[in-house]
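Report on the following structure.
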Amino acid sequence: MDVSHLHNAFYNTITFPVKTPVFHSFSLCNPLLLKTIRASNPPLNPNATGVPVDLQSETLRALEWKSVCLQLSAFTSTTMAMNLSINGNVPSGQNQEESEKLLDQTSASVELPNPLDFSNIQDLTEILNTSISGKLCTIQELCTVSQTLRSAKRVLNQLMEISSDGSLKRYSPLLDILHGTDFLPGIEGKIGFCLECNLSVILDRASTNLEKIRFARKKNMENLENLLKQISIRVSQAGGIDTPLVTRRRARMCVGIRATHRSLLPGAIILDTSGSGATYFVEPKEAIELNNMEVSLSGSEKAEELSILGILTSEIAAAKSRIGILMDRIMELDLASARGSYARSLNGVRPIFSRNLPKFIRVHGNEGIETFKKQNLTANTPEERDLAVDIEGIRHPLLLKSKDNNEEFEVVPVDIKVKKRTRVVVISGPNTGGKTATMKTLGLASLMSKAGMFLPAKNRAKLPWFDCVLADIGDHQSLEHNLSTFSGHISRLCKILEVASNESLVLIDEIGNGTDPSEGVVLSTSILQHLAGLTNLTVVTTHFEDLSILKDGDIRFENAAMEFDLKTLQPTYRIMWGSKGNSNALSIAKSLGLDQAVLDRAHAWVEKLMPEKQRKRKGLLYQSLMEQRERLEAQARKATFLSLQIKKLYHEILQEAEDLDKREASLKSMEVKKVQNEIKMAALEMDGIIMEVEKKLSNSSLDRFNSLHRESEAAIASVVEKHCARDKSLLETEPDHSNSYIPQIGDHVRIKGLGEKLAVVVEAPLDDGSMLIQYGKMRMRVKRDDIKVISGSKQNAKAASASGLRSQVIRKNMKESSTKPDKDGEVPFGPAVRTSKNTVDLRGLRVEEASHHLNIALSTTSSYGVLFIVHGIGTGPLIWEYDRAVLGGLNTLLNCPAGSESRSIQRYLDMSIF
């Protein structure tokens with residue numbers, strides 16, 4: 001078999017620059033590459049790998065890490081990444097640098113404009129195992145390999161296209177995953193050249209022998225079919241069968257004939273009979289040689305096809321390592337993309353790893369008690385003020401998903417703040433108060449950060465990089481292993497103390513529980529002091545109040561308490577750092593329905609055991625702190641509300657200022673065009689007059705020169721008067737004493753700066769003499785000296801004076817209402833600044849229309865907003881009916897009770913402009 005052209009045409013594979021192999025923790029999931037990777041890249045952190053498997057698995061189970069990975073699996077695209085996530089084997093960094101690299105990949109995935117397309121990428125593990133076991137791969141399996149390689153290359157092309165707009169640096173963490181990866185275009189090309197995947201057949205061009213065999217078989221089949229057709233027609237004509245029939249039986253071509261007419265084909269071989277036995281399927285003796293040739297060629301074709309499949313299978317087996325590396329890289333990229341989608345769903349923030357914590361030295365104090373202080377640091381250095389753990393508003397990711405399924409479920413965010421000097425945090429507080437949930441949240445935050453996941457927190461999330469997280473949470477009682485609750489607890493603590501390092505996070509729930517309280521306190525104190533010098537950070541929960549005293553003599557210890565509302569007897573699930581919490585067991589028992597007589601006896605014992613002064617001091621201090629916090633929260637809410645109102649008003653004024661600038665430019669442009677048109681018209685009229693005079697001069701004698709000169713001067717004077725003194729009657733104003741008249745709302749005035757244009761006063765003059773006028777759709781504020789009053793407007797001077805007085809009262813009321821707080825201490829109205837959005841113009845409307853527009857405007861005004869109402873001035877019955885209708889609608893909208901119309905009218909006047 002000649003397959004040399006296969007090697008000549010497609011064996012030259014495309015190579016890529018290959019970097020030094022980098023250890024990726026996810027590669028451990030691929031058994032094909034495990035030996036190679038471990039040999040070239042030993043584990044970077046032996047301490048992390050030294051944790052016993054049972055202890056690590058129990059810790060992950062206690063923290064519900066597998067459930068978080070299950071949430072991540074919903075965002076994966078390939079079966080490889082999905083199976084890895086479902087099993088809880090999401091890779092994490094073996095050191096801080098690797099975790100930072102995973103976070104960089106997640107950040108790049110978050111910024112992807114479109115999700116990456118991982119379609120048609122299949123898990124090739126089984127196919128690779130088949131190829132190296134000596135079995136032949138089927139056509140479908142070979143096509144799956146080709147399709148996967150082609151789709152993997154498509155993902156790289158998609159990333160390159162996204163990065164082509166100058167964002168190469170932004171997406172470089174994702175591109176680095178596929179950098180130096182061999183996409184095996186040679187194997188893909190060979191499979192595509194030899195196979196037709198849509199039809200699942202091997203093409204003739206796969207080899208020269210196959211092409212020759214198929215050509216010979218086709219020719220032989222044509223001869224055989226023609227021969228059998230002729231024989232079948234001859235049999236049919238002789239009455240041996242109704243219709244000529246050529247078919248295949250037992251892999252040989254034959255014809256159909258009635259059993260009674262078998263003699264028509266002497267020497268024929270019976271291959272089969274019909275169900276009734278009336279028809280024989282016979283092979284004529286003339287077709288035996290051709291049928292033998294068909295069977296021979298068919299066998300040769302099958303052997304050649306198997307040979308081609310064997311060659312392609314051997315190609316895949318030889319490239320199993322490169323294919324495995326490619327699949328690992330694709331899986332890593334899919335996981336990075338899934339982390340980005342998961343971060344967007346959580347609205348998460350990227351965690352920041354804090355610097356190494358400061359070292360401590362032992363100091364022997366009074367009575368031989370050892371205390372600790374920080375080495376080479378003073379209390380006022382920035383390192384002292386920094387927090388090692390600073391996570392604001394973090395929520396448990398599993399609780400967030402529970403909230404999605406239950407709208408009434410509220411997740412209370414928790415602030416976790418641990419100073420750099422702290423080694424042990426003791427959390428106390430009531431049962432069901434959230435102590436264990438807070439501790440689990442910190443543990444999950446550490447695991448998620450190591451795995452490159454964003455945290456469901458608010459503004460910031462800073463924490464150290466922990467080499468491992470060790471947890472003792474839950475009851476470890478075991479009848480099978482003869483362990484009590486206390487024995488199981490101590491057994492776990494022994495394992496933790498054996499493997500914990502100075503970069504470990506240790507979480508212990510209810511330390512020292514399950515034994516005598518006095519001995520439990522002593523044992524817990526000793527264990528915590530040992531962990532303070534051993535681990536990076538240890539967080540424990542307890543009901544032992546004596547453990548909170550450790551902070552007094554050792555700065556490595558810090559206290560925290562879960563808040564409990566004594567009024568509602570319910571926990572608030574908020575943590576108070578630096579405080580000692582009470583268990584509130586009696587309050588919780590009361591809320592759960594315990595007999596009051598039992599509670600009374602318990603309170604009597606508490607009073608005997610607790611000194612009166614200490615109980616009173618704690619109660620007063622707690623009450624004072626709670627009242628102060630409530631006041632601060634109220635002030636913060638009020639400040640936030642006012643800030644939002646001011647920002648909204650600022651944007652409205654800014655928008656109106658932009659609109660005014662645009663309208664002013666438009667008006668100026670129109671005026672310029674109008675003046676230019678008038679100049680053109682005057683020039684045309686002048687040219688006409690000059691042409692007419694010249695014509696008359698050419699046809700007249702010299703004695704008419706003077707008369708023509710006078711006529712031309714009169715015509716020119718009329719043109720000048722026409723364009724310069726238009727509407728002369730409107731320009732007449734009152735004598736000089738008109739300057740003492742103060743224009744009022746509704747007066748018609750002329751603007752000196754705009755060519756004596758006619759405008760209307762829409763707002764009474766202010767104390768400085770300026771007033772707001774409207775020209776067309778444009779409003780502007782001008783000085784008294786920049787306008788001329790039209791004489792016809794003075795007949796309304798009395799009404800306008802009254803209106804001006806009322807406007808001054810309104811402005812005063814608006815100013816007072818915008819600054820004076822009400823009885824509840826809140827500002828009744830927002831800033832009294834007029835904009836187009838808080839103004840309703842009712843001028844020119846009838847009473848019914850004005851009432852309808854006013855009702856709509858009042859319904860859309862917020863409770864603390866200011867509404868400006870603009871309407872005309874009248875003296876007839878219509879204005880009184882209008883006022884009654886408007887004020888009646890206002891009373892209805894304000895829900896005014898009987899007898900309060902005066903207050904409603906006063907508020908109406910406060911919000912109106914007449």
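According to full-length UniProt numbering, the sequence shown is numbered sequentially starting from 1. Each residue gets a CB set at the ideal place from its N, CA and C atoms; glycine is no exception.
Name the residue from the options whose alpha carbon lies nearest to the alpha carbon of residue i.
i, options, result
"serine 428", "Ser131, Glu563, Leu444, Leu174", "Glu563"
"aspartate 182", "Cys137, Leu149, Ile162", "Leu149"
"leucine 63", "Leu398, Ser624, Ile679, Arg492", "Leu398"
"serine 307", "Lys212, Leu136, Glu410, Leu387", "Leu136"
"aspartate 176", "Leu128, Leu184, Leu102", "Leu102"
"lysine 680", "Val720, Leu708, His651, Tyr650", "Val720"
"valine 411", "Lys696, Pro456, Phe557, Val426", "Pro456"
"leucine 156", "Val840, Met771, Leu178, Val389", "Leu178"
"methionine 686", "Leu128, Lys673, Asp661, Ser718", "Ser718"
"tryptophan 465", "Gly512, Met448, Ser851, Asn459", "Met448"
"serine 190", "Leu84, Leu312, Glu519, Phe557", "Sequence inspection shows lysine at residue 190; the serine mentioned does not correspond to that position. Among Leu84, Leu312, Glu519, Phe557, the Cα nearest to that of lysine 190 is on Leu312."
"glutamate 126", "Gly324, Val675, Lys419", "Gly324"
"serine 167", "Ser146, Arg784, Leu112", "Leu112"
"isoleucine 555", "Tyr622, Thr422, Asp767", "Thr422"
"serine 146", "Asn198, Ser164, Ser163", "Asn198"
"isoleucine 316", "Phe193, Arg601, Ile742, Ser131", "Ser131"
Leaving out the 5 sequence neighbours to the left and right, which residues in its chain are closer than 8 Å to residue i when beta-carbon positions are compared?
i, result
"leucine 805", "Any reading at leucine 805 must be qualified, since the residue scores a pLDDT of 42, below 50, and its modelled position is unreliable; the value itself is stated next. If we look at leucine 805 and ignore the five residues flanking it on each side, it has no Cβ neighbours."
"alanine 759", "His748, Val749, Arg750, Ile751, Ile773, Gln774, Tyr775, Ile787"
"leucine 228", "Val246, Met253, Cys254, Val255, Pro284, Ala287"
What residues match up with residue i in a beta bridge as DSSP calls it?
i, result
"valine 693", "Beta-bridge pairing links valine 693 to no other residue."
"cysteine 468", "Ser504"
"valine 760", "His748, Gln774"
"glutamate 558", "Val425"
"tyrosine 280", "Ile257, Thr273"
"aspartate 390", "Lys417, Lys462"
"threonine 780", "Residue identity check: residue 780 is methionine in the sequence provided, not threonine. Ile773."
"threonine 839", "Phe868"
"valine 246", "Val255"
"valine 789", "Val749"
"tryptophan 577", "Ala560"
Here's a check: name, in chain order, each residue in its chain whose Cβ is nearer than 6 Å to the Cβ of residue i, leaving out the five neighbours to either side.
i, result
"proline 284", "Ile231, Leu265, Ala268"
"isoleucine 790", "His748"
"serine 151", "Asn120, Ile121"
"phenylalanine 281", "Arg249, Cys254, Gly256, Leu271, Asp272"
"threonine 378", "Note that threonine 378 scores a pLDDT of 40, beneath 50, so its modelled location is shaky; the value from the coordinates is reported in the next line. None."
"methionine 576", "Ala561, Glu563"
"isoleucine 511", "Ser524, Val540, Thr542"
"aspartate 659", "none"
"valine 68", "Pro397"
With a threshold of 7 Å on Cβ separation, who are the neighbours of residue i within its own chain once the five nearest residues in sequence on each side are excluded?
i, result
"histidine 220", "The sequence shown places asparagine at residue 220, not histidine. Within the same chain, asparagine 220 has close Cβ partners Leu290, Met293, Glu294, Leu297."
"residue 915", "The shown model of the chain, from 1 to 914, leaves out residue 915, and the question about it has no answer."
"leucine 224", "Met253, Ala287, Leu290, Asn291, Glu294"
"alanine 857", "Val840, Leu867"
"residue 915", "Outside the modelled stretch of the chain, which goes from 1 to 914, sits residue 915, for which no answer is possible."
"methionine 80", "Asp123, Met327, Met331"
"serine 354", "Ala388, Lys462, Leu463, Pro464"
"alanine 278", "Arg258, Ala259"
Run the proximity test for residue i: is its beta-carbon closer than 7 Å to any non-hydrogen atom belonging to the ligand SAM?
i, result
"glutamine 744", "As for the ligand SAM, it is missing from this structure, which has no ligand bound."
Per the contact definition of three or more C-beta pairs closer than 8 Å, is the segment 138 to 148 in contact with the segment 161 to 175?
These segments do not touch.
Which whole runs of the alpha helix (DSSP H) in the segment 515 to 555 are 4 residues long or more, in chain order?
As far as the segment 515 to 555 is concerned, its whole alpha helix (DSSP H) runs of at least 4 residues are 517 to 532, 550 to 553.
Restricting to runs no shorter than 3 residues, where is the beta strand (DSSP E) found entirely within the segment 403 to 461?
Listed in chain order, they are 414 to 419, 424 to 428.
Please specify which runs of the beta strand (DSSP E), each continuous and at least 3 residues long, are wholly inside the segment 323 to 354, giving them in chain order.
As far as the segment 323 to 354 is concerned, it has no whole beta strand (DSSP E) run of at least 3 residues.
Does the segment 200 to 218 come within contact of the segment 300 to 316, defined as at least 3 CB pairs closer than 8 Å?
Between the segment 200 to 218 and the segment 300 to 316 there are three or more C-beta pairs closer than 8 Å, enough to call the two in contact.
The segment 91 to 110 touching the segment 517 to 535, judged by at least three CB pairs closer than 8 Å:
No, they do not touch.
Stretch pair the segment 462 to 473 + the segment 494 to 509: three plus CB contacts closer than 8 Å:
Touching, per the Cβ criterion.
Does the segment 534 to 553 come within contact of the segment 435 to 447, defined as at least 3 CB pairs closer than 8 Å?
The segment 534 to 553 makes contact with the segment 435 to 447: 3 or more CB pairs, one atom from each, lie closer than 8 Å.
Can you give, in chain order, each stretch of the alpha helix (DSSP H) that sits fully within the segment 127 to 201 and has at least 4 residues?
DSSP runs (the alpha helix (DSSP H)) wholly in the segment 127 to 201: 139 to 163, 172 to 178, 185 to 194.
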